[in-house]
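Student:
There are 2 protein chains.
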Amino acid sequence: MRIDQLVTPAVLVDAEALEANLDAMSEALPGSRLRPHVKAHKCTELARLQAARGHTGFTCATLREVEGMAAAGLGADLLLANEVLDARRLGALDARVTLAVDSLPTVDAAAAGGVREVLIDVNVGLPRCGCAPERAGELADHARSRGLEVRGVMGYEGHLMLQADRAVRERGVSESMQRLAAAHTDVGGPVISAGGTGTYALNRVATEIQAGSYALMDTAYAALELPFRPALEILSRVLSVSADYAVADCGLKALGMDHGNPRVEGAAVWFCSDEHLTFAPEASVAVGDWIRVQPAHIDPTLAYHERLHLVSGDQVLESWPIDLRGW
Amino acid sequence: MRIDQLVTPAVLVDAEALEANLDAMSEALPGSRLRPHVKAHKCTELARLQAARGHTGFTCATLREVEGMAAAGLGADLLLANEVLDARRLGALDARVTLAVDSLPTVDAAAAGGVREVLIDVNVGLPRCGCAPERAGELADHARSRGLEVRGVMGYEGHLMLQADRAVRERGVSESMQRLAAAHTDVGGPVISAGGTGTYALNRVATEIQAGSYALMDTAYAALELPFRPALEILSRVLSVSADYAVADCGLKALGMDHGNPRVEGAAVWFCSDEHLTFAPEASVAVGDWIRVQPAHIDPTLAYHERLHLVSGDQVLESWPIDLRGW
Numbered sequence: 515m516r517i518d519q520l521v522t523p524a525v526l527v528d529a530e531a532l533e534a535n536l537d538a539m540s541e542a543l544p545g546s547r548l549r550p551h552v553k554a555h556k557c558t559e560l561a562r563l564q565a566a567r568g569h570t571g572f573t574c575a576t577l578r579e580v581e582g583m584a585a586a587g588l589g590a591d592l593l594l595a596n597e598v599l600d601a602r603r604l605g606a607l608d609a610r611v612t613l614a615v616d617s618l619p620t621v622d623a624a625a626a627g628g629v630r631e632v633l634i635d636v637n638v639g640l641p642r643c644g645c646a647p648e649r650a651g652e653l654a655d656h657a658r659s660r661g662l663e664v665r666g667v668m669g670y671e672g673h674l675m676l677q678a679d680r681a682v683r684e685r686g687v688s689e690s691m692q693r694l695a696a697a698h699t700d701v702g703g704p705v706i707s708a709g710g711t712g713t714y715a716l717n718r719v720a721t722e723i724q725a726g727s728y729a730l731m732d733t734a735y736a737a738l739e740l741p742f743r744p745a746l747e748i749l750s751r752v753l754s755v756s757a758d759y760a761v762a763d764c765g766l767k768a769l770g771m772d773h774g775n776p777r778v779e780g781a782a783v784w785f786c787s788d789e790h791l792t793f794a795p796e797a798s799v800a801v802g803d804w805i806r807v808q809p810a811h812i813d814p815t816l817a818y819h820e821r822l823h824l825v826s827g828d829q830v831l832e833s834w835p836i837d838l839r840g841w
Numbered sequence: 515m516r517i518d519q520l521v522t523p524a525v526l527v528d529a530e531a532l533e534a535n536l537d538a539m540s541e542a543l544p545g546s547r548l549r550p551h552v553k554a555h556k557c558t559e560l561a562r563l564q565a566a567r568g569h570t571g572f573t574c575a576t577l578r579e580v581e582g583m584a585a586a587g588l589g590a591d592l593l594l595a596n597e598v599l600d601a602r603r604l605g606a607l608d609a610r611v612t613l614a615v616d617s618l619p620t621v622d623a624a625a626a627g628g629v630r631e632v633l634i635d636v637n638v639g640l641p642r643c644g645c646a647p648e649r650a651g652e653l654a655d656h657a658r659s660r661g662l663e664v665r666g667v668m669g670y671e672g673h674l675m676l677q678a679d680r681a682v683r684e685r686g687v688s689e690s691m692q693r694l695a696a697a698h699t700d701v702g703g704p705v706i707s708a709g710g711t712g713t714y715a716l717n718r719v720a721t722e723i724q725a726g727s728y729a730l731m732d733t734a735y736a737a738l739e740l741p742f743r744p745a746l747e748i749l750s751r752v753l754s755v756s757a758d759y760a761v762a763d764c765g766l767k768a769l770g771m772d773h774g775n776p777r778v779e780g781a782a783v784w785f786c787s788d789e790h791l792t793f794a795p796e797a798s799v800a801v802g803d804w805i806r807v808q809p810a811h812i813d814p815t816l817a818y819h820e821r822l823h824l825v826s827g828d829q830v831l832e833s834w835p836i837d838l839r840g841w
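Put into structure tokens, the structure is as follows:
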């Protein structure tokens, strides 16, 4: 099938760029050094490509992601790197599931839900989940007293992920990982899970890196000069042309907007409405033309779409369901 | 069922507020004076409540919305108020479908796809779809030459929808509708379709108003002093509590973010991540507490969710699929 037969807006993933990104990361972090984060793509078929490269442990952000990965036969070692208050859906799975915990209630929820393994989630500088490093040992003790296996610690230095100055980023990662290492001393266990696409090459403490964005690559990472390239665009069609602007069928319900407007090469984007993108093209366009839209943030963009299309040039190679959406 | 049994994040719709909003609009615009826009809720069960109040013609923004409404038995008079370049999915429906057209190619697409009725879409000031008013007559002639029934004109004064000053808004609507009336003189037909929640009471030219937001009401409309009240919140649960902030499970993939951060009563919202909301509550909160999140923009929020829950206090009355999502 050619891309001009797709219903627009349609998610296109460049097969060559995707493979190159996956290969580059696998070379840097072979096997279990990488625990790919599926939240970035929410697609079990894409996860299969990561597993085929030897990364058989995965990171998830939601119960639905864990369930979907288990159902797809990718449940060898799933980390839910997020707190939950009702873990029964995890305990019911035929998969190896490790759950993040950062408080007494979340430890208790893990035990009550039938989860067997946990990581102590430690705050390493990002104001989000994670306990204070000095509390990690106490939580590990409590978890063990509840019969849970404590595999180690995790911490996400997300506040540094898009820091453009490499030296500043590296120093920040070092400080964050000192906090995580200190917590790990109190907790024990073989796992120190951390990191992401922006810091994977700088993190010298983590035993495994939770990177996800590297596969499809957000435009926001461009300033970091990473060995990955953008692999995702939204195919859209020009519906209407006026004197100084045109309108295409890619709007707010097809785009994650928290990082701002999308980009269209050779055009100035004016604004998005629910189902429309109003833009001023440098060269003239006609009704029916196809354009490529680069979303400002891929993760919440994909969560709007039912499927992605793996393409090579104008050919659709495969269409994969984005099957890990929802909760 | 009680709301504390729902999987979070969960869309709650206050049944009483919804009914009051629907009743208030039906009183202002009875029967066919209102053509409710389903893009605002994407839910056929909610559309049934509108149809039950006598509004049996609906406005849609996507092919999927038209198909879903037809499949739900609500296809008595569906207007797709948007241009399409391949209308075959519309022509195949067992429903009365009217399609917006604003150019020769979109007229030709309507005819080729088996659509029988069209409205000429006229630009009345918002830089989006719609032909120049002076071109409307020529397009109507072309449509009739292709065998299409031209029911009239439509135009959306969307640039005025959130204008807080009523006098400015009223003057703007008047100017926009002069453009539409001029086009209508050249086009003919019984229908002049226009308007929205922000202008429904000011539009004296339209024969029918395409309002949608009034049912659930965006916070952005608060300044307009309309007789509708917010009916939608996202139920979310506190996952983690730190010294000066807390984290709940309602993030970027559960919220339309183009109008900015959501609000949480009694708290300052710091930022959203993919699956998290970091906020500073005025009163202390505990892990496991439920909070209510008001999204800044409802339409793209609903497009992330599989279902909404109609509630009265803490009781879930019904759960309805948000079944018109996608394209």
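Protein sequences, first through last, are from chains A and B.
Following the numbering used here, the numbering of the first sequence begins with 515 at its first residue and continues without gaps.
Following the numbering used here, the numbering of the second sequence begins with 515 at its first residue and continues without gaps.
Glycine residues also receive a C-beta, built at the ideal position from the N, C-alpha and C atoms.
Note that this is a predicted model, so its numbers are computed, not measured.
#1: Fully enclosed by the region 586-636 of chain A, which beta strand (DSSP E) runs are 3 residues long or longer?
#2: Answer yes or no: the CB of D732 of chain B versus the heavy atoms of the ligand NAP, is any distance below 6 Å?
#3: Helix, strand or coil, according to DSSP, for Q808 of chain A in the structure here?
#4: Measure how close the beta-carbons of I805 of chain B and V830 of chain B come, nearest whole angstrom, since I'm counting them as under 8 Å.
#5: Out of curiosity, what's the CA-to-CA distance linking T570 of chain B and G774 of chain B?
#6: Would you mind reading off the limits of the beta strand (DSSP E) that contains T563 of chain A?
#7: Using a Cβ cut-off of 7 Å (strictly closer), state whether P776 of chain B contacts chain A.
#8: What residues are listed by DSSP as bridge partners for A524 of chain A?
#9: Counting only Cβ pairs nearer than 7 Å, list the residues of chain A close to D616 of chain B.
#10: Run through the DSSP bridge pairs and tell me what F572 of chain A is partnered with.
#11: Which residues bound the alpha helix (DSSP H) around V682 of chain B?
#12: By the criterion of Cβ-Cβ separation under 8 Å, what are the contact partners of R642 of chain B in chain A?
#13: If you run the structure through DSSP and keep just helix, strand and coil, what is M731 of chain B?
#14: Measuring alpha carbon to alpha carbon, tell me which residue in B:D813, B:L563, B:S833 and B:D528 is nearest K553 of chain B.
#15: Starting from the beta carbon of D813 of chain A, find every residue of chain B whose beta carbon is closer than 8 Å, and list them in chain order.
#16: Using a Cβ-Cβ distance under 7 Å, would E652 of chain A count as near chain B?
#17: By how many angstroms is the C-alpha of G702 of chain B removed from the C-alpha of G780 of chain B?
#18: Determine contact between the region 717-726 of chain A and the region 687-704 of chain A, defined as no fewer than three beta-carbon pairs at a distance below 8 Å.
#19: Please list the terminal residues of the continuous alpha helix (DSSP H) segment that includes G780 of chain B.
#20: Short of 7 Å in beta carbon distance, which residues of its chain neighbour V783 of chain A, apart from the five on each side in sequence? Order them along the chain.
#21: For my contact list, S787 of chain B and G802 of chain B are in at a C-beta cut-off of 8 Å; report their separation, rounded to the angstrom.
#22: Note down, in chain order, every chain A residue with its Cβ under 8 Å from the Cβ of R751 of chain B.
#23: Counting only beta-carbon separations shorter than 7 Å, does E820 of chain B have a partner in chain A?
#24: Taking C-beta pairs closer than 8 Å, name the residues in chain B that N637 of chain A reaches, listed in chain order.
#25: Flag this pair as touching only if the region 673-683 of chain A and the region 816-829 of chain B have three or more C-beta atom pairs under 8 Å; answer yes or no.
#26: Which residues, in order along the region 715-730 of chain B, keep a beta-carbon less than 9 Å from a beta-carbon of chain A?
#27: Taking 7 Å as the limit between beta carbons, can you name the residues of its chain near P809 of chain B, skipping five residues before and five after?
Tutor: On the basis of the supplied data:
#1: 591-594, 611-615 and 631-635
#2: No copy of the ligand NAP occurs in the structure displayed, which carries no ligand at all.
#3: strand
#4: About 17 Å; that fails the 8 Å criterion.
#5: 34 Å
#6: The question names Thr, yet the displayed sequence has Leu at residue 563 of chain A. No beta strand (DSSP E) contains L563 of chain A, which is instead part of the alpha helix (DSSP H) from T558 to A566.
#7: no
#8: A:L749
#9: S754
#10: A:L592
#11: R680 to V701
#12: S754, V761, S787, H790 and T792
#13: coil
#14: B:D813
#15: L766, K767 and D788
#16: no
#17: 54 Å
#18: yes
#19: No alpha helix (DSSP H) contains G780 of chain B, which DSSP labels as neither H nor E.
#20: N775, P776, R777, L791 and F793
#21: S787 of chain B to G802 of chain B, Cβ: 20 Å. No contact.
#22: L599
#23: yes
#24: S756
#25: no
#26: none
#27: I748, L769, G770, P776 and T815
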